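Down below is the structure, laid out as structure tokens.
Number of protein chains: 2
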Amino acid sequence: MLNQSTALDQMFQALADPSRRVMVERLCRGPASVSELARPLAMSLPAVVQHLQVLEASGLVRSEKIGRVRTCHVESKALRLAEQWINERRLLWERRLDRLGRFLAENPD
Amino acid sequence: MLNQSTALDQMFQALADPSRRVMVERLCRGPASVSELARPLAMSLPAVVQHLQVLEASGLVRSEKIGRVRTCHVESKALRLAEQWINERRLLWERRLDRLGRFLAENPD
């Protein structure tokens, strides 16, 4: 199993590309085949497959081939891990602002 | 001004490195000098400065030099943009699950 830091590296890396974000957004609306994922993107099917591989390696997406069709799903747990990392940092920062506010209120001038 | 997609590219790219995440986490606790940022990291000061440049280009961090000391701050607005992108996708996905749940409840068997 990947440790959490490597998982975050791969997840943020996967999200750092606009086409991959379009693919994740599409999959958040429901499973899709590779050609459905390719439809809104101005790129070849092999290029879409390469992006899909990056998304699968990051754990954000999984796919399964049934017959001749590969169907892709979003992995919500992985998306939540990335969200949680950012959320915890924002809370740190907001707590610091609260402390600053209290300090300023208790120490006027 | 960067458009929002480019901003997200650069932000997720900036977060896709464990040392840069350590720097962001440190700055969420309050401003720090470059050498304070370097302290927990096993790397040279020039390497830290390079990471800092990636963070500044992404808009996540800004720094200002006063006298001989460069002080770095986190830009909470930028962090919020990344959080918001993920949060909106998760909501899309959860709404889909809700619709599925309702459909299954209304269509037993």
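Residue numbers (the numbering used here), protein chains in the order written: chain A, 2 to 110; chain B, 2 to 110. Glycine is no exception: its CB is placed at the ideal position from the N, C-alpha and C atoms. What you are looking at is a predicted structure, and each value in this text was computed from that prediction instead of being measured.
**Asked** So is B:Phe-104 buried or exposed if we call it buried at 16+ other beta carbons inside 10 Å?
**Response** For the purposes of this step, residue 104 of chain B is taken as residue 103 along the second sequence, with counting starting at 1. Answer is exposed; the Cβ neighbour count stays below 16.
**Asked** Would you report the Cα separation of A:Gln-54 and B:Asp-99, rounded to the nearest angstrom?
**Response** Numbered from 1 along the first sequence, position 53 holds the residue referred to as residue 54 of chain A. Numbered from 1 along the second sequence, position 98 holds the residue referred to as residue 99 of chain B. Their backbone Cα atoms lie some 29 Å apart in a straight line.
**Message:** Quick check: the Cα distance between A:Arg-22 and A:Leu-93, rounded to an integer number of angstroms?
**Reply:** By 1-based counting over the first sequence, the position of residue 22 of chain A is 21. By 1-based counting over the first sequence, the position of residue 93 of chain A is 92. Taking the straight line joining both Cα atoms gives about 27 Å.
**Request:** Look up B:Leu-30 in the DSSP assignment and say whether it is helix, strand or coil.
**Result:** As a first step, residue 30 of chain B is located in the second sequence; it is residue number 29 there, counting from the start. It should be pointed out that residue 30 of chain B corresponds to Arg in this sequence rather than to Leu. Coil at B:Arg-30, not helix or strand.
**Message:** Taking CB distances under 8 Å as the criterion, tell me whether A:Ser-6 reaches chain B.
**Reply:** Residue mapping note: residue 6 of chain A aligns to position 5 of the first sequence, counting from 1. So, interface residue.
**Request:** Label A:Ser-45 either buried or exposed according to how many other C-beta atoms from any shown protein chain fall within 10 Å of its C-beta, with 16 as the threshold for buried.
**Result:** Reading the first sequence from its first residue, position 44 is the one you call residue 45 of chain A. Result: exposed.
**Item:** Cross-strand partners of B:Val-62 (DSSP beta bridge)
**Value:** The residue given as residue 62 of chain B occupies position 61 in the second sequence. According to DSSP, which records beta bridges pairwise, B:Val-62 is partnered with B:Val-75.
**Asked** Thinking just about the alpha-carbon of each residue, which of A:Pro-109, A:Ala-15, A:Thr-7 and A:Glu-89 is nearest to the one in A:Val-75?
**Response** Along the first sequence, read from residue 1 onward, the residue named residue 75 of chain A stands at position 74. With distances taken between Cα atoms, A:Val-75 lies closest to A:Ala-15.
**Asked** Which residue's Cα is closest to the Cα of A:Pro-32: A:Val-62, A:Asp-18, A:Ala-43 and A:Val-49?
**Response** By one-based count along the first sequence, residue 32 of chain A stands at place 31. If we check each option's Cα against that of A:Pro-32, A:Val-62 comes out closest.
**Item:** Euclidean distance between Cα positions of A:Arg-30 and A:Ala-48
**Value:** Locating residue 30 of chain A in the first sequence gives position 29, counting from the first residue. Locating residue 48 of chain A in the first sequence gives position 47, counting from the first residue. So the alpha carbons of these two residues sit roughly 22 Å apart.
**Asked** Between which two residues does the alpha helix (DSSP H) containing A:Ser-36 stretch?
**Response** As a first step, residue 36 of chain A is located in the first sequence; it is residue number 35 there, counting from the start. Run containing A:Ser-36: 35 to 39, per the alpha helix (DSSP H) assignment.
**Message:** Just to confirm before moving on: does the CB-CB distance between A:Glu-84 and B:Glu-95 stay below 8 Å?
**Reply:** Translated into positions along the first sequence, residue 84 of chain A becomes position 83. Translated into positions along the second sequence, residue 95 of chain B becomes position 94. Taking 8 Å as the Cβ cut-off, A:Glu-84 and B:Glu-95 do not qualify as a contacting pair.
**Item:** Reference B:Ile-87; option with closest CA among A:Phe-13, A:Pro-41 and A:Glu-65
**Value:** The residue you call residue 87 of chain B lines up with position 86 of the second sequence. Considering only alpha carbons, the answer is A:Phe-13.
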